[in-house]
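The structure under discussion appears below in the form of structure tokens.
There are 2 protein chains.
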Amino acid sequence: MRLHPGGATADVDAVEEILRRGGDALRKRMARAEAHLEHVTAQAGAPLAAHALATIAAGGKRLRPLLVVLAADATGGASSEPDSEQALTRAAVAVELVHSATLVHDDVIDGAQLRRGHPTVVAEAGRLTAIATGDLLFSRAFAELARNDSTAQLRALSDASSALAEGELLQREDAYASHVPVERYLRRCELKTAALFEAACRLGALTASAAATELADALGSFARRIGLAFQLLDDVLDVSGPVQHTGKSRGTDLLDGTVTLPLILARERDPQLTAFDLASLASPEQAEELCDRIAATGALQTARERALQFVAEAKQMLPAILPDGRGALLDLLADAVVERYR
Amino acid sequence: MRLHPGGATADVDAVEEILRRGGDALRKRMARAEAHLEHVTAQAGAPLAAHALATIAAGGKRLRPLLVVLAADATGGASSEPDSEQALTRAAVAVELVHSATLVHDDVIDGAQLRRGHPTVVAEAGRLTAIATGDLLFSRAFAELARNDSTAQLRALSDASSALAEGELLQREDAYASHVPVERYLRRCELKTAALFEAACRLGALTASAAATELADALGSFARRIGLAFQLLDDVLDVSGPVQHTGKSRGTDLLDGTVTLPLILARERDPQLTAFDLASLASPEQAEELCDRIAATGALQTARERALQFVAEAKQMLPAILPDGRGALLDLLADAVVERYR
Chain A
1 MRLHPGGATA
11 DVDAVEEILR
21 RGGDALRKRM
31 ARAEAHLEHV
41 TAQAGAPLAA
51 HALATIAAGG
61 KRLRPLLVVL
71 AADATGGASS
81 EPDSEQALTR
91 AAVAVELVHS
101 ATLVHDDVID
111 GAQLRRGHPT
121 VVAEAGRLTA
131 IATGDLLFSR
141 AFAELARNDS
151 TAQLRALSDA
161 SSALAEGELL
171 QREDAYASHV
181 PVERYLRRCE
191 LKTAALFEAA
201 CRLGALTASA
211 AATELADALG
221 SFARRIGLAF
231 QLLDDVLDVS
241 GPVQHTGKSR
251 GTDLLDGTVT
261 LPLILARERD
271 PQLTAFDLAS
281 LASPEQAEEL
291 CDRIAATGAL
301 QTARERALQF
311 VAEAKQMLPA
321 ILPDGRGALL
331 DLLADAVVER
341 YR
Chain B
343 MRLHPGGATA
353 DVDAVEEILR
363 RGGDALRKRM
373 ARAEAHLEHV
383 TAQAGAPLAA
393 HALATIAAGG
403 KRLRPLLVVL
413 AADATGGASS
423 EPDSEQALTR
433 AAVAVELVHS
443 ATLVHDDVID
453 GAQLRRGHPT
463 VVAEAGRLTA
473 IATGDLLFSR
483 AFAELARNDS
493 TAQLRALSDA
503 SSALAEGELL
513 QREDAYASHV
523 PVERYLRRCE
533 LKTAALFEAA
543 CRLGALTASA
553 AATELADALG
563 SFARRIGLAF
573 QLLDDVLDVS
583 GPVQHTGKSR
593 GTDLLDGTVT
603 LPLILARERD
613 PQLTAFDLAS
623 LASPEQAEEL
633 CDRIAATGAL
643 QTARERALQF
653 VAEAKQMLPA
663 ILPDGRGALL
673 DLLADAVVER
683 YR
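Just so you know, the sequences run in chain order A and B. For the first sequence, position 317 matches number 317 in the numbering used here, and the numbering has no gaps at all. For the second sequence, position 77 matches number 419 in the numbering used here, and the numbering has no gaps at all.
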């Protein structure tokens, strides 16, 4: 677990609290995942390893590996048998590798210079290397997970990975659109973000017990809602800032033409925004002005409430899925997603 | 099997001959793979399907699916049981999807406008869509193969897919290099091209019989040599032309800074070429001049002989791997790789 200044750090406390409560066992599992992540990336031959490693090492909160580990733990498996511990580590690593691959490719698409305070692969090594590095991270994810000898696990990951790409394509299709229905926006969030959260919990349950398919489904539904909330709150943050919290100027997504829930809701409330063309935004300053107008409609509060509703739904599901308090840490993780926006 | 004017068509006759000799059974299997390839791509939701479909539909010789089918056939499985036929179709499709994903990403890297006489995804829809389309094709490949319930198959594909990305990164690292050892060049060819040929034969053998691991290894070695020859001859073709055969001007790869075997060998023979800096090439005309100088050293002939040697090695292996003439069509396929350069 690495934490970098400049990233979204407000939920660090919440994640720390989960690790604290999870005790040594949880910390060990997360440390093992972190070490294996570096190992897999470093294995990849000298030149590319440098870039892939830099991406991985730049860290982030490792929310997805944490979901894998917590789901496995709650499923009651992930006993201390070395084999099942290794399977768990590989699953956690595979999910993070797919996530990292997406980040590297997203940075090519956006031409981003910095991520988590570090130069992006595309900024440092160019488009060519960045595309190949992302492809490599994708491929390694599947190579890693294939060692678990479970096609159910591989299916979970490949479905999520397809969803990520579809979500990205839908987002490009909707770019600068004058009208995006809320349902369409939510579908995009499911594909782009929630599907990998879902896969993380599925993988956790399945590595703990191959027979736990029903539990895997149920935890998948739980995680999908957390993922939706995560994306919604991310989109709120783009409009609300503050800059010192997000590390980027307000309205960055809007300037890229991405139509997010705050704008969709604000357009329903402010007739002048209904007609507003995102393509006419010419500068970060104009994007910030647009953010203020969106905020003035109360859309941010509504979007936040929608996200909190998803979190509440997820938390309500837990006692039935995991009785006897076995879902306590997953419950805390649901809170962690919200925490970072307080 | 679609064939387009402007592509490399000289081996069409050889491939046609294989299909003729393979009879109805082979044609049916290839037609089934082709239909499923379109189905999988079309499934992928409206917007992206259009781009993915265009890439797939632009065709090519379907050499890799053909290797899958021929290897399965030679292994003696791929009986007419519906299940094993479906597994074979999925394996053939998965290999071609990975190949297509690579082409789409390569075109982003090269900024290519045309492929097989059709506009590339990047030319038609931009970098953003092209990267996501490639990611989607990758993901679908694994999703498709996961349905075969064989981790050995998934491992074969993910290893090849990792190799492709590594090969691309090595190639970028070697770009414009003043000295590239032949061994290093061959390693790049193995990663970039031969690994997927190898995976195709492995997958064919394994779909025919899960127990055929030794045969899968042996056919994999056979295919790796074919793949090496294929890449070497491709690199010869870049220097030799003729343009009406390749559909691109001579020296295109050299102009991109790719140091290929003809240049490596020519540098050993012509001291002025030893010192020549690829980065100084400023126009297609200068690249053509360089091609003439390379040809004058006799390097093309040596490179061609090296490729033919790989093909000969591969062909020599076959009788021991597949006695009683069971390798006849794979033997023809080895010839087909050479044919296109006659």
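Glycine residues also receive a C-beta, built at the ideal position from the N, C-alpha and C atoms. These figures come from a predicted structure and were not determined experimentally.
Exercise. How should R369 of chain B be labelled, buried or exposed, when 16 other C-beta atoms within 10 angstroms of its C-beta is the threshold for buried?
Worked result: Numbered from its first residue, the second sequence carries residue 369 of chain B at position 27. The residue is exposed, with fewer than 16 neighbouring Cβ atoms inside 10 Å.
Problem set entry | Residues near L596 of chain B in its chain [Cβ-Cβ closer than 8 angstroms; skip 5 each side] | Sequence index remark: in the second sequence, residue 596 of chain B carries index 254 (1-based). D580, V581, T602, L605, L620, L623, A629, L632, C633.
For this session: Return the residues of the segment 434-460 of chain B that lie within a Cβ-Cβ distance of less than 7 angstroms from chain A, sorted by chain order.
Result: H447, V450, I451
Exercise. CA-CA distance, L19 of chain A and R115 of chain A?
Worked result: By 1-based counting over the first sequence, the position of residue 19 of chain A is 19. By 1-based counting over the first sequence, the position of residue 115 of chain A is 115. Roughly 25 angstroms separates the two Cα atoms.
For this session: Compute the beta-carbon to beta-carbon distance between S492 of chain B and L548 of chain B, rounded to the nearest angstrom, for a pair I have assumed lies under 8 angstroms.
Result: Residue 492 of chain B sits at position 150 when you count from the first residue of the second sequence. Residue 548 of chain B sits at position 206 when you count from the first residue of the second sequence. Yes, they are in contact, since the Cβ atoms of S492 of chain B and L548 of chain B sit about 6 angstroms apart, within 8 angstroms.
For this session: Find out if the Cβ-Cβ distance for the pair E352 of chain A, L478 of chain B is shorter than 8 angstroms.
Result: Outside the modelled stretch of chain A, which goes from 1 to 342, sits residue 352 of chain A, for which no answer is possible.
For this session: Pull up the CB-CB distance for A472 of chain B and V450 of chain B, whole angstroms please, since I reckon it's below 8 angstroms.
Result: Indexing the second sequence from 1 puts residue 472 of chain B at position 130. Indexing the second sequence from 1 puts residue 450 of chain B at position 108. About 5 angstroms separates the two Cβ atoms, so the contact holds.
For this session: For the segment 118-147 of chain A, enumerate the residues whose C-beta is nearer than 9 angstroms to any C-beta of chain B, in chain order.
Result: A125, G126, R127, L128, T129, I131, A132, T133, G134, D135, L136, L137, F138, S139, R140, A141, F142, A143, E144, L145, A146, R147
For this session: Give me the Cα-Cα distance between L409 of chain B and F652 of chain B, rounded to the nearest whole angstrom.
Result: Position 67 of the second sequence holds residue 409 of chain B. Position 310 of the second sequence holds residue 652 of chain B. If I take the Cα positions, the gap works out to 17 angstroms.
For this session: Flag E655 of chain B as yes if its beta-carbon sits less than 8 angstroms from any beta-carbon of chain A, otherwise no.
Result: Residue numbering aside, residue 655 of chain B sits at position 313 when the second sequence is read from its first letter. It does not; no Cβ of chain A falls within 8 angstroms.
Exercise. On the three-pair Cβ rule with 8 angstroms, is the segment 68-76 of chain A touching the segment 316-328 of chain A?
Worked result: yes
Problem set entry | Separation of A14 of chain A from V337 of chain A, as counted between CA atoms | Walking along the first sequence from the start, residue 337 of chain A turns up at place 337. Walking along the first sequence from the start, residue 14 of chain A turns up at place 14. In a straight line, the C-alpha of V337 of chain A is about 9 angstroms away from that of A14 of chain A.
Exercise. Just by C-beta distance, which residues in the segment 252-284 of chain A are closer than 7 angstroms to chain B?
Worked result: none
For this session: Check whether the Cβ of E168 of chain A lies closer than 8 angstroms to any Cβ atom in chain B.
Result: Numbered from its first residue, the first sequence carries residue 168 of chain A at position 168. E168 of chain A counts as touching chain B.
Exercise. Are G241 of chain A and A194 of chain A close, meaning C-beta to C-beta below 8 angstroms?
Worked result: Mapped onto the first sequence, residue 241 of chain A falls at position 241. Mapped onto the first sequence, residue 194 of chain A falls at position 194. No, the pair does not count as a contact, with Cβ atoms beyond the cut-off.
Exercise. Expressed to the nearest angstrom, what Euclidean distance is found between the alpha-carbon atoms of P407 of chain B and R514 of chain B?
Worked result: Within the second sequence, the letter at position 65 stands for residue 407 of chain B. Within the second sequence, the letter at position 172 stands for residue 514 of chain B. In a straight line, the C-alpha of P407 of chain B is about 28 angstroms away from that of R514 of chain B.
Exercise. What are the complete alpha helix (DSSP H) segments, minimum 4 residues, inside the segment 63-147 of chain A?
Worked result: 63-75, 82-110, 121-146
Problem set entry | V104 of chain A beta carbon less than 8 angstroms from that of V93 of chain A | Your numbering for residue 93 of chain A matches position 93 in the first sequence. Your numbering for residue 104 of chain A matches position 104 in the first sequence. No. Outside cutoff.
Exercise. Going by beta carbon distance, what residues of the same chain come within less than 6 angstroms of A498 of chain B, once the five residues before and after it are set aside?
Worked result: Taking the first residue of the second sequence as 1, we reach residue 498 of chain B at position 156. These residues qualify, in order along the chain: A541, R544, L545.
Problem set entry | Same chain, Cβ closer than 6 angstroms to G257 of chain A, five either side skipped, listed in chain order | Within the first sequence, residue 257 of chain A is the residue found at index 257, counting from 1. Hits under 6 angstroms: A175, Y176, L278.
Problem set entry | Of the listed residues A:H39, A:R62, A:L70, nearest to G22 of chain A (C-alpha basis) | Mapped onto the first sequence, residue 22 of chain A falls at position 22. Minimum Cα distance to G22 of chain A is reached at A:L70.
Exercise. What did DSSP end up calling G60 of chain A once you bin it into helix, strand or coil?
Worked result: Position 60 of the first sequence, counted from the start, is the residue given in the question as residue 60 of chain A. DSSP places G60 of chain A in strand when its eight states are reduced to three.
Exercise. Among residues of its own chain, excluding the 5 on either side of A163 of chain A, which ones have a beta-carbon nearer than 7 angstroms to its beta-carbon?
Worked result: Within the first sequence, the letter at position 163 stands for residue 163 of chain A. If we look at A163 of chain A and ignore the five residues flanking it on each side, its Cβ neighbours are L191, A195.
For this session: Please list, in chain order, all residues of the same chain as A72 of chain A whose beta carbon is under 6 angstroms from its beta carbon, the five residues on each side excluded.
Result: Walking along the first sequence from the start, residue 72 of chain A turns up at place 72. A78, L88, G204, T207, A208.
Exercise. So, using beta-carbon positions, are L557 of chain B and A649 of chain B closer together than 8 angstroms?
Worked result: Locating residue 557 of chain B in the second sequence gives position 215, counting from the first residue. Locating residue 649 of chain B in the second sequence gives position 307, counting from the first residue. Taking 8 angstroms as the Cβ cut-off, L557 of chain B and A649 of chain B do not qualify as a contacting pair.
Exercise. What does L496 of chain B reach in chain A if we use C-beta pairs closer than 8 angstroms?
Worked result: Start at 1 with the first residue of the second sequence, and residue 496 of chain B comes out as number 154. In chain order: F142, A146, T151, L154.
Exercise. Given a threshold of 16 other Cβ atoms within 10 Å of its Cβ, counted over all protein chains shown, does S625 of chain B qualify as buried or as exposed?
Worked result: Taking the first residue of the second sequence as 1, we reach residue 625 of chain B at position 283. By the neighbour-count rule (16 or more Cβ atoms within 10 Å), S625 of chain B is not buried but exposed.
For this session: Indicate whether F484 of chain B and F142 of chain A have their beta-carbon atoms separated by less than 8 angstroms.
Result: As a working mapping, residue 484 of chain B is identified with position 142 in the second sequence. As a working mapping, residue 142 of chain A is identified with position 142 in the first sequence. Yes, they are a contact pair.
Problem set entry | Contacts around T297 of chain A, its chain only, beta-carbon distance under 8 angstroms, and the 5 residues preceding and following it disregarded | Counted from its first residue, the first sequence places residue 297 of chain A at position 297. Hits under 8 angstroms: L265, A266, R269, D270, L273.
For this session: Measure from the C-beta of A216 of chain A to each C-beta in chain B and report whether the shortest distance is under 8 angstroms.
Result: Counting from one through the first sequence, the residue named residue 216 of chain A turns up at place 216. So no, A216 of chain A is outside the interface.
For this session: Use the C-beta contact count for G453 of chain B: other C-beta atoms within 10 angstroms, 16 or more gives buried, fewer gives exposed.
Result: Counted from its first residue, the second sequence places residue 453 of chain B at position 111. So G453 of chain B counts as exposed.
Problem set entry | Cβ distance (whole Å) where R140 of chain A is taken to contact V40 of chain A below 8 angstroms | For the purposes of this step, residue 140 of chain A is taken as residue 140 along the first sequence, with counting starting at 1. For the purposes of this step, residue 40 of chain A is taken as residue 40 along the first sequence, with counting starting at 1. R140 of chain A to V40 of chain A, Cβ: 6 angstroms. Contact.
For this session: On a CA-only basis, which of A:S221, A:L169, A:H118 is nearest R469 of chain B? Give me that one, please.
Result: As a position in the second sequence, residue 469 of chain B is number 127, starting the count at 1. Considering only alpha carbons, the answer is A:L169.
For this session: Closer than 7 angstroms by beta-carbon distance: list the chain B residues that pair up with D24 of chain A, in chain order.
Result: Against the first sequence, residue 24 of chain A aligns to sequence position 24. Those do not exist, as D24 of chain A stays about 32 angstroms from chain B at its closest Cβ, beyond 7 angstroms.
For this session: Determine the direct distance from the alpha carbon of L528 of chain B to that of E427 of chain B, and round the result to whole angstroms.
Result: Indexing the second sequence from 1 puts residue 427 of chain B at position 85. Indexing the second sequence from 1 puts residue 528 of chain B at position 186. Roughly 35 angstroms between the two C-alpha positions.
Exercise. Whose Cβ in chain A lies nearer than 7 angstroms to the Cβ of R404 of chain B?
Worked result: Residue numbering aside, residue 404 of chain B sits at position 62 when the second sequence is read from its first letter. In chain order: nothing, as chain A lies at least about 22 angstroms away.
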